[in-house]
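Participant: Residue 637 is where the first sequence starts when you use the numbering used here, and the numbers rise one by one after that. Where is the CB? At the ideal position from N, CA and C, for every residue including glycine. Since this is a predicted model, take the numbers as computed values, not measurements. One structure coming up, written as structure tokens, with questions to follow.
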Amino acid sequence: MKNTQIADSFDQLADLLEFQGANPFRVRAYRNAARLIRDLTEPIAGILADGQRKLTDLPGIGQDLAAKIETLVETGELPQLSELLAAVPPSVLTLLRVPGLGPKKAALLHSMLGITTLEELQAACEAGRVRELKGFGAKTEQAILDNIQFAVKAQERIYWAEADFVVESLREHFSDCSAMERVEFAGSYRRGRDTIGDLDVLVVSTESDQVMDHFEKFSSVSEVIARGDTKMSVRTLEGLQIDLRVVEAKSFGAALQYFTGSKDHNVVLRGLARQRNLKINEYGVFRLTDEGEQYIGGATEEEVYGAMDLPVFPPELREARQEFAWAEQGPLPKLVELSDIRGDLHAHTDETDGRGSLREMAEAAQQRGLSYLAITDHSQRVSMAQGLNPERLLAQWARIDRFNATLTNFRVLKGIECDILERGGMDLPDDVLAQADWVNASIHYGQRQSRAQITERILQAIEHPHVTAIAHPTGRLINRREAYDVDIDAVIKAAAQHRKILELNANPQRLDLNDIYCAAAKSQGVLIVISTDAHEPAGFDDMRYGVLQARRGGLTKADVVNTRSLPQLLKLLKK
DNA sequence: GCCGTTTTCGGCCCGACTGTTTTCAGTCG
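Put into structure tokens, the structure is as follows:
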């Protein structure tokens, strides 16, 4: 049984328990375990098989959960889950996806009206039966009707790059709001997550009404969900929820810290605060005394974390993974920055499926401050992209040689994105690959093969003497295609052993490797290359998304190959 | 359900907003 399946089982168990009104902390224990297991790169079954290690060594896994995991791995099911599923139809859980409906109200709808699906819920609202339930009313009934449509959409998260577009236009919109002293965007956007569920906007102002009035006039706003004294929520025409919070300057740092999250990071932070007889909320840090609470800071994030003798964590690290342990051990790693990037080692031209000539791509890279670029067009197997056979590839490399002779302070490297064939093995002969400066190996076909097959293909590529890097190693397309079934732990170990590089593809729809796998690769000493996979000149702008993801994985400049100067890179490649 | 140089029991982050109450429960982040 795969880690994701175990995690899904625990999440489902948590949903069902919550629905039944179980102790919320017990529910949280299941959710924490699900998150931990999902983030693990190593298969749980491997830990179980290893006599040296115990599941209870994992934080948040006690005797009970360890036994349940063991049962799941051994039998493929969990009696407790089966029983709950027999008692509560799984479709009932979809009710929880309606904004405004939580476990209590959903349970009441189920027990009193026998509602099990969204369709039945809609019918009951339209018949006016919901308003008669205790705790419900006409307004609640109407809100449910209005929100049922979002039950499906609420699951969808938008790409970080899309959220960034909204952020830029909102910044512009706020720029002529005189009541506003400062605006910042928090939440998962600030943490640089690959996808964003909703947008959190933080404004410093003493005139919250004016700010909210101005906010409501933002052209994308389609409806106001809620509006209070300090907090307002709207939904945009595209269905994105934006939460606005207005705070005083002396609370700005505390509010920014709070709204940046993550929720789990905040839970840990506030737990630590309690141990010190402090309280942290969105208004500041308070010392708890017999006389009451005493404000001791909160204007900046430095004041909040400083009160705890903690460093100001880069937002990308605030996921309650390793950051608190790192802070205990010493200074945090200095994360890689966009300005550290010196070159791009994965790009296409109009020779295959790109929309820019060799010269246009090179100029675009140079304009962005890069000093080298590998042209890595597709190989012959990728016929839809007019992939290159040996003759065309060698001809392209000859053109690159002539082009390089005209350049100063910039170099185009002769590369290829060589397909890893379905049956295994590389799509181009060894004697051709041997002449390349940089070889990306990647899978395009046979993505639905078994875990053993896919993993073996990639391991072969890693062992191939002329392969430099594995490009988009898991093949995921965010919101569109799952990663292929690959043993990423084995891939990372092999890359470490054979000193091969793994790509972090910066395309905002890929971001593959993801943050967790980047961290796992780093822990094994595997170098990462952040590449845009640009198919047109503007594609080089994607580098920032890749850097954000790398930062989330805790990568430093030294961990990223293309922060090196060209001479350093060539030395590393022994070219 | 987890966890422990303040605890093996009794904690577990904290507050805003809404709608339904007549002082608060539920939901959300």
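1) Check L684 in the structure and name its three-state DSSP category.
2) Whole angstroms is fine: what's the gap from Q911's alpha carbon to M944's?
3) I need the straight-line Cα distance from A779 to G736, nearest angstrom please.
4) Give the straight-line distance between the Cα atoms of L876 and A799, rounded to the nearest whole angstrom.
5) Taking three-plus beta-carbon pairs below 8 Å as touching, is the stretch 986-996 in contact with the stretch 1077-1088?
6) Just the Cα atoms here: how many angstroms apart are V1183 and D1148?
7) Taking a contact to mean a Cβ-Cβ separation below 9 Å, would you say R1187 touches G828 in this structure?
8) Leaving out five residues on either side along the sequence, give the residues of the same chain with a beta carbon under 6 Å from the beta carbon of A956.
9) Taking the runs of the alpha helix (DSSP H) that are 4 residues or longer, which of them lie wholly in the stretch 940-974?
10) Kindly give me the distance between the Cβ atoms of V882 and L1191, rounded to whole angstroms, as I take these residues to be in contact under 8 Å.
11) Rounded to whole angstroms, how far is the Cβ of R826 from the Cβ of T896, which I believe are closer than 8 Å?
12) What is the C-beta distance between M637 and G712, in whole angstroms, given that I count them as a contact (C-beta under 8 Å)?
13) Would the beta-carbon of V1197 fall within 9 Å of that of V1165?
14) Across which residues does DSSP place Q877 in a beta bridge pair?
15) According to DSSP, which residues form a beta bridge with M1062?
16) How many Å lie between L757 and L652 at the Cα?
17) Identify, in the order they occur along the chain, each residue of the same chain with its Cβ nearer than 7 Å to the Cβ of L708, setting aside the five sequence neighbours on each side.
18) Taking just the CA atoms, how far does R664 sit from Q656?
19) Give the DSSP-derived three-state secondary structure of D1220 in the structure shown.
20) In angstroms, rounded to a whole number, what distance separates the CA positions of L914 and R923?
21) Going by alpha carbons, who is nearest to D1123 out of I1114, E1139, N1143, R1093?
22) If you scan the stretch 1157-1183 from start to end, which runs of the alpha helix (DSSP H) of 4 or more residues do you find wholly inside it?
23) Can the beta-carbon of A1031 be found closer than 9 Å to that of G1051?
24) I need the DSSP call for D812, collapsed to helix, strand or coil.
25) Going by DSSP, what residue range makes up the alpha helix (DSSP H) through T1192?
26) Do H1014 and D1055 have their beta-carbon atoms positioned less than 9 Å apart in this structure?
27) E999 lies in the alpha helix (DSSP H); which residues open and close that run?
28) Which residues share a DSSP beta bridge with Q930?
29) Taking 9 Å as the cut-off, decide whether the C-beta atoms of S1007 and R1047 are in contact.
30) Is it true that the CB of I697 sits closer than 9 Å to the CB of L684?
31) By Cβ distance, which residues of its chain are closer than 6 Å to E813, with the 5 residues on each side in sequence left out?
32) For A742, does the three-state DSSP call read helix, strand or coil?
33) What three-state label does DSSP hand G823 in the structure shown?
34) The beta strand (DSSP E) with V1075 in it runs from where to where?
35) Mind checking whether G934 and K886 have CB atoms under 9 Å apart?
36) Could you say if the stretch 1060-1079 and the stretch 1091-1107 meet the contact criterion of at least three C-beta pairs nearer than 8 Å?
Facilitator: Straight from the coordinates:
1) helix
2) Answer to the nearest angstrom: the Cα atoms are 10 Å apart.
3) Going by C-alpha positions, A779 is about 8 Å away from G736.
4) 9 Å
5) no
6) 12 Å
7) A contact, by the Cβ cut-off of 9 Å.
8) D900, H901, V904.
9) 959-965
10) Contact between V882 and L1191 does not hold, since the beta-carbon distance rounds to 36 Å and is not under 8 Å.
11) 5 Å
12) 6 Å
13) Result yes, Cβ atoms of V1197 and V1165 sit closer than 9 Å.
14) Partner residues in the beta bridge of Q877, as assigned by DSSP, are D834, R871.
15) I1056
16) 19 Å
17) M637, I642, S645, L714
18) 14 Å
19) There is no way to answer for residue 1220, as the model of the chain reaches only from 637 to 1211.
20) 5 Å
21) It is R1093 whose Cα lies nearest to the Cα of D1123.
22) none
23) no
24) coil
25) Premise fails: T1192 is in no alpha helix (DSSP H) and is neither H nor E.
26) Contact: yes.
27) From DSSP, the alpha helix (DSSP H) with E999 extends over 994-1003.
28) R923
29) Cβ distance < 9 Å, so S1007 and R1047 count as in contact.
30) no
31) This sequence places Cys at residue 813; Glu is not what is there. Counting only Cβ-Cβ distances below 6 Å, and skipping sequence neighbours, we find H850.
32) helix
33) helix
34) For V1075, the enclosing beta strand (DSSP E) begins and ends at 1074-1078.
35) yes
36) yes
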